[in-house]
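J.:
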Amino acid sequence: MEIKVRAFGIAKDILGFREQTLSVENGETILEFKKRLLSQYPKFEDLVSLAFAVNEEYCSEDFVLQPLDEVVIIPPVSGG
Amino acid sequence: MSNVRLSAEEMARYARHITIPEFNVEGQKKLKGAKVLVIGAGGLGSPVLLYLAAAGIGHLGIVDFDVVDETNLQRQVLYTVDDVGKSKAEQAEKRLKALNPHLEVTIHNTRLTSDNALDIISQYDVVADGTDNFQTRYLVNDACVLTGKTNVYASIFRFEGQVSVFNYLKEDGTRGPNYRDMFPEPPPPGLVPNCAEGGVIGVLPGIIGSLQALEVIKVVSGVGTPLVGRLFLLDAATFETRTLKVYKSPATKIEGLIDYDQFCGIVPAASANDEVKEVSVQELKELQDTQEAFQLIDVREPFEYEIANLEGELIPLSAVLDSAHRFKRDRKVVVHCKSGARSAKAIKQLQDEFQLDNLYNLKGGILAYAREIDTALQTY
Numbered sequence: 001m002e003i004k005v006r007a008f009g010i011a012k013d014i015l016g017f018r019e020q021t022l023s024v025e026n027g028e029t030i031l032e033f034k035k036r037l038l039s040q041y042p043k044f045e046d047l048v049s050l051a052f053a054v055n056e057e058y059c060s061e062d063f064v065l066q067p068l069d070e071v072v073i074i075p076p077v078s079g080g
Numbered sequence: 081m082s083n084v085r086l087s088a089e090e091m092a093r094y095a096r097h098i099t100i101p102e103f104n105v106e107g108q109k110k111l112k113g114a115k116v117l118v119i120g121a122g123g124l125g126s127p128v129l130l131y132l133a134a135a136g137i138g139h140l141g142i143v144d145f146d147v148v149d150e151t152n153l154q155r156q157v158l159y160t161v162d163d164v165g166k167s168k169a170e171q172a173e174k175r176l177k178a179l180n181p182h183l184e185v186t187i188h189n190t191r192l193t194s195d196n197a198l199d200i201i202s203q204y205d206v207v208a209d210g211t212d213n214f215q216t217r218y219l220v221n222d223a224c225v226l227t228g229k230t231n232v233y234a235s236i237f238r239f240e241g242q243v244s245v246f247n248y249l250k251e252d253g254t255r256g257p258n259y260r261d262m263f264p265e266p267p268p269p270g271l272v273p274n275c276a277e278g279g280v281i282g283v284l285p286g287i288i289g290s291l292q293a294l295e296v297i298k299v300v301s302g303v304g305t306p307l308v309g310r311l312f313l314l315d316a317a318t319f320e321t322r323t324l325k326v327y328k329s330p331a332t333k334i335e336g337l338i339d340y341d342q343f344c345g346i347v348p349a350a351s352a353n354d355e356v357k358e359v360s361v362q363e364l365k366e367l368q369d370t371q372e373a374f375q376l377i378d379v380r381e382p383f384e385y386e387i388a389n390l391e392g393e394l395i396p397l398s399a400v401l402d403s404a405h406r407f408k409r410d411r412k413v414v415v416h417c418k419s420g421a422r423s424a425k426a427i428k429q430l431q432d433e434f435q436l437d438n439l440y441n442l443k444g445g446i447l448a449y450a451r452e453i454d455t456a457l458q459t460y
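Protein sequences, first through last, are from chains A and H. 1 is the number of the first residue of the first sequence in this note's numbering; add one for each residue after it. 81 is the number of the first residue of the second sequence in this note's numbering; add one for each residue after it.
What follows is the structure, encoded as structure tokens:
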């Protein structure tokens, strides 16, 4: 199935895109999706506190993705 | 707010506020009666302070130890060329008093630390965090939770901004989410650049800081619905926004202020003894599978152990030195925590005090183990 991924902040630099439609397994969880990102983009390991939101709502790692869901990846930002 | 009165002069000055039906004189009196602490008088602090002063907040506190630098003028609109080299807090006070003579200002020309944060913050009603590093972000958050203050949070990076209202006292008596519910652990040092390292478009703090000032005014006046339990994101480069719902996490526990430099991985220059040997989660799995004699020690807190554990012996970081005898000398000892920072600290302490050389830090901690070895393990 396909999902939409929108990256903010430093996550955008690591992924190399701002927004992209990605193909994932049917019924993939956020945890599995994180592992997928980690295997493709090893630098993600450093971002321990990366947050994930699906359809504008923070979600836990056991959240099951549905087709066309929008996953937002939010890294912490410290500038002031 | 019956004890707060507005003079005729003030009634005239704030006429455009007072004309708003749901805001009116009552809202204006609440602003006058409020004490707001603005931490960081830089990119975000500039619009926050200017708009709060103009709006009629009665008492503003300013925390900043820095001086104005020429590179600040591209976005820190509180300051002029004449201010370069001078104290930000002092110049800000002059500028704000020139803007609004009814305003009372207290300057804290000092770095906010674990030693002074509770004392300073407890003197105010609401905090606006516009600092520029993760250590102070976590410090401000924790101090606001401990003192029961609302923390109006904003932060910026290049073209992007974030805003939220943390630890807000809701009508049902509970508190809204705070920074640690969103970002339980800081990123490793150097990974996420601040404005100096990563750059920032000058007008961005103007936009995001103005939203921050707006939320302060809403929290203080009680007018509108503040950004509680929600994180606002702006990507000014594409003009896209998201407002994400966020929740309190049961794993968030703030019981006192800590060493935030250490928490954020900023440690003093390494000495020879500071070398910490590491094992990967795969190497730990091999040790477990081959039944080679080794000892596994978990230096997290008991509540974390309850959420998930690797059946290691639990010795919280604070008890490590007193429990040094429990660390075996005749075999490999693997030490772990949630993601690796606390266990590295424990190993350093033991190497320094007891010259142990058989300690190995589990790289990535239990989180890496959950991710790569045992996905059934509860993460938090």
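Ideal Cβ placement from N, Cα and C applies to all residues, glycine included. Note that this is a predicted model, so its numbers are computed, not measured.
For residue 63/H, does the count of other Cβ atoms within 10 angstroms reach 16, so buried, or fall short, so exposed?
T.: Past the edges of chain H, shown from 81 to 460, lies residue 63/H, and the structure says nothing about it.
J.: Is residue 140/H near residue 132/H, with beta carbons less than 8 angstroms apart?
T.: Working through the second sequence from its first residue, we reach residue 140/H at position 60. Working through the second sequence from its first residue, we reach residue 132/H at position 52. Yes, the pair counts as a contact, with Cβ atoms nearer than the cut-off.
J.: Determine, using beta carbons only, whether residue 353/H comes closer than 8 angstroms to chain A.
T.: Residue numbering aside, residue 353/H sits at position 273 when the second sequence is read from its first letter. For residue 353/H, the pLDDT reaches just 49, beneath the cut-off of 50, and the residue's location in the model is therefore unreliable, although a value from the coordinates is still provided. No, residue 353/H does not count as interfacial toward chain A.
J.: Under 9 angstroms between beta-carbons, which chain H residues line up against residue 91/A? List them in chain order, please.
T.: An answer regarding residue 91/A cannot be provided, because it is not within the stretch 1 to 80 covered by chain A.
J.: Using a Cβ cut-off of 8 angstroms (strictly closer), state whether residue 264/H contacts chain A.
T.: Sequence index remark: in the second sequence, residue 264/H carries index 184 (1-based). Interface residue, yes.
J.: Indicate the three-state DSSP secondary structure (helix, strand or coil) for residue 155/H in the structure shown.
T.: Counting from 1 along the second sequence, the entry for residue 155/H is found at position 75. Residue state, collapsed to three classes: coil.
J.: In three-state DSSP terms, what is residue 351/H?
T.: On the second sequence, position 271 is the one that residue 351/H refers to. Only weak support exists for where residue 351/H lies, its pLDDT of 45 falling under 50; the coordinates are left without a value.
J.: Is there a Cβ of chain A sitting closer than 8 angstroms to that of residue 325/H, yes or no?
T.: Counted from its first residue, the second sequence places residue 325/H at position 245. Yes, residue 325/H lies at the interface with chain A (some Cβ there is under 8 angstroms from its Cβ).
J.: With a threshold of 8 angstroms between beta carbons, is residue 283/H in contact with chain A?
T.: Looking up residue 283/H in the second sequence gives position 203. Not closer than 8 angstroms to any Cβ of chain A, the Cβ of residue 283/H fails to qualify, so no.
J.: What residue does the alpha helix (DSSP H) around residue 175/H start on, and which one ends it?
T.: As a working mapping, residue 175/H is identified with position 95 in the second sequence. Looking at the DSSP string, the run of the alpha helix (DSSP H) that includes residue 175/H is 168 to 179.
J.: With distance defined between alpha-carbon atoms, name the residue in 193/H, 218/H, 252/H and 134/H nearest to residue 178/H.
T.: By 1-based counting over the second sequence, the position of residue 178/H is 98. Residue 134/H is the option with its Cα nearest to residue 178/H.
J.: Out of curiosity, what's the CA-to-CA distance linking residue 343/H and residue 215/H?
T.: For the purposes of this step, residue 343/H is identified with residue 263 of the second sequence, where counting begins at 1. For the purposes of this step, residue 215/H is identified with residue 135 of the second sequence, where counting begins at 1. Cα to Cα, the separation comes out at about 8 angstroms.
J.: Roughly how many whole angstroms lie between the Cα atoms of residue 96/A and residue 220/H?
T.: Because residue 96/A is not part of the residues shown, which for chain A are 1 to 80, the question remains open.
J.: In this structure, how does DSSP classify residue 315/H when only helix, strand and coil are distinguished?
T.: For this step, residue 315/H is matched to residue 235 along the second sequence. If DSSP states are grouped into helix, strand and coil, residue 315/H belongs with the strands.
J.: Can you tell me where the beta strand (DSSP E) with residue 244/H in it begins and where it stops?
T.: For the purposes of this step, residue 244/H is taken as residue 164 along the second sequence, with counting starting at 1. Where residue 244/H is concerned, the enclosing beta strand (DSSP E) stretches over 240 to 246.
J.: Kindly give me the distance between the Cβ atoms of residue 246/H and residue 76/A, rounded to whole angstroms, as I take these residues to be in contact under 8 angstroms.
T.: To locate residue 246/H, count along the second sequence from 1; it is residue 166. To locate residue 76/A, count along the first sequence from 1; it is residue 76. In fact, because the Cβ distance is near 14 angstroms, the residues do not count as touching under 8 angstroms.
J.: Considering only the beta carbon of each residue, do residue 459/H and residue 442/H sit closer than 8 angstroms?
T.: Working through the second sequence from its first residue, we reach residue 459/H at position 379. Working through the second sequence from its first residue, we reach residue 442/H at position 362. No.
J.: Count the CB pairs spanning the stretch 247 to 266 of chain H and the stretch 228 to 239 of chain H that are closer than 8 angstroms, and state whether there are at least three.
T.: Segments in contact, yes.
J.: Can you find the residues in the same chain that come closer than 6 angstroms, C-beta to C-beta, to residue 115/H, ignoring five residues on each side of it along the sequence?
T.: As a position in the second sequence, residue 115/H is number 35, starting the count at 1. 139, 204 and 205, listed in sequence order.
J.: Would a check of beta-carbon distances place residue 267/H closer than 8 angstroms to chain D?
T.: The structure shown contains no chain D; the protein chains it does contain are A and H.
J.: State the start and end residues of the unbroken beta strand (DSSP E) segment that holds residue 375/H.
T.: Indexing the second sequence from 1 puts residue 375/H at position 295. It spans 374 to 378 - the beta strand (DSSP E) in which residue 375/H sits, taken as one unbroken run.
J.: Quick one: list the residues of chain A neighbouring residue 275/H, beta-carbon separation under 8 angstroms, in chain order.
T.: As a position in the second sequence, residue 275/H is number 195, starting the count at 1. Chain A residues near residue 275/H: 79 and 80.
J.: Less than 8 angstroms separating the beta-carbons of residue 265/H and residue 39/A?
T.: Taking the first residue of the second sequence as position 1, residue 265/H is located at position 185. Taking the first residue of the first sequence as position 1, residue 39/A is located at position 39. Not a contact, by the Cβ cut-off of 8 angstroms.
J.: Less than 8 angstroms between the beta carbons of residue 334/H and residue 222/H, yes or no?
T.: Position 254 of the second sequence, counted from the first residue, corresponds to residue 334/H. Position 142 of the second sequence, counted from the first residue, corresponds to residue 222/H. Contact flag set, yes.
J.: Alpha carbon to alpha carbon, how far is residue 171/H from residue 324/H?
T.: Counting from one through the second sequence, the residue named residue 171/H turns up at place 91. Counting from one through the second sequence, the residue named residue 324/H turns up at place 244. So the alpha carbons of these two residues sit roughly 37 angstroms apart.
J.: Given that residue 85/H touches chain A, what residues does it touch there, using C-beta distances under 7 angstroms?
T.: Taking the first residue of the second sequence as 1, we reach residue 85/H at position 5. Within 7 angstroms Cβ-Cβ: nothing; residue 85/H doesn't reach chain A, min ~35 angstroms.
J.: Identify every run of the alpha helix (DSSP H) within the stretch 389 to 436 of chain H, keeping only runs that are complete inside it and at least 4 residues long; order them along the chain.
T.: Correct list: 421 to 434.
J.: Can you list, in chain order, the stretches of the alpha helix (DSSP H) that have 4 or more residues and sit fully within the stretch 204 to 232 of chain H?
T.: The stretch 204 to 232 of chain H contains these whole alpha helix (DSSP H) runs: 214 to 227.
J.: Tell me the residue span of the beta strand (DSSP E) that contains residue 19/A.
T.: Position 19 of the first sequence holds residue 19/A. Looking at the DSSP string, the run of the beta strand (DSSP E) that includes residue 19/A is 19 to 23.
J.: Leaving out five residues on either side along the sequence, give the residues of the same chain with a beta carbon under 6 angstroms from the beta carbon of residue 188/H.
T.: In the second sequence, the residue the question calls residue 188/H occupies position 108. Around residue 188/H: 143 and 200.
J.: Go to residue 51/A, then tell me how far its beta strand (DSSP E) extends in each direction, as first and last residue.
T.: The residue labelled residue 51/A in the question sits at position 51 within the first sequence. Its beta strand (DSSP E) spans residues 51 to 54.
J.: Quick one: grab the DSSP three-state call for residue 150/H.
T.: Taking the second sequence and counting its residues from 1, the one referred to as residue 150/H is at position 70. In the structure shown, residue 150/H sits in a helix (DSSP, three-state: H, G or I).
J.: How long is the line joining the alpha carbons of residue 186/H and residue 388/H, rounded to whole angstroms?
T.: Looking up residue 186/H in the second sequence gives position 106. Looking up residue 388/H in the second sequence gives position 308. If I take the Cα positions, the gap works out to 47 angstroms.
J.: Taking 7 angstroms as the limit between beta carbons, can you name the residues of its chain near residue 293/H, skipping five residues before and five after?
T.: Stepping through the second sequence from its first residue, residue 293/H is reached at position 213. Counting only Cβ-Cβ distances below 7 angstroms, and skipping sequence neighbours, we find 127, 128, 131 and 132.
J.: So, do the stretch 254 to 261 of chain H and the stretch 85 to 104 of chain H have three or more beta carbon pairs nearer to each other than 8 angstroms?
T.: At 8 angstroms Cβ cutoff, the stretches do not touch.
J.: Report the option in 9/A, 4/A and 2/A whose CA atom is closest to the CA atom of residue 273/H.
T.: Within the second sequence, residue 273/H is the residue found at index 193, counting from 1. The residue with the shortest Cα to Cα distance from residue 273/H is 9/A.
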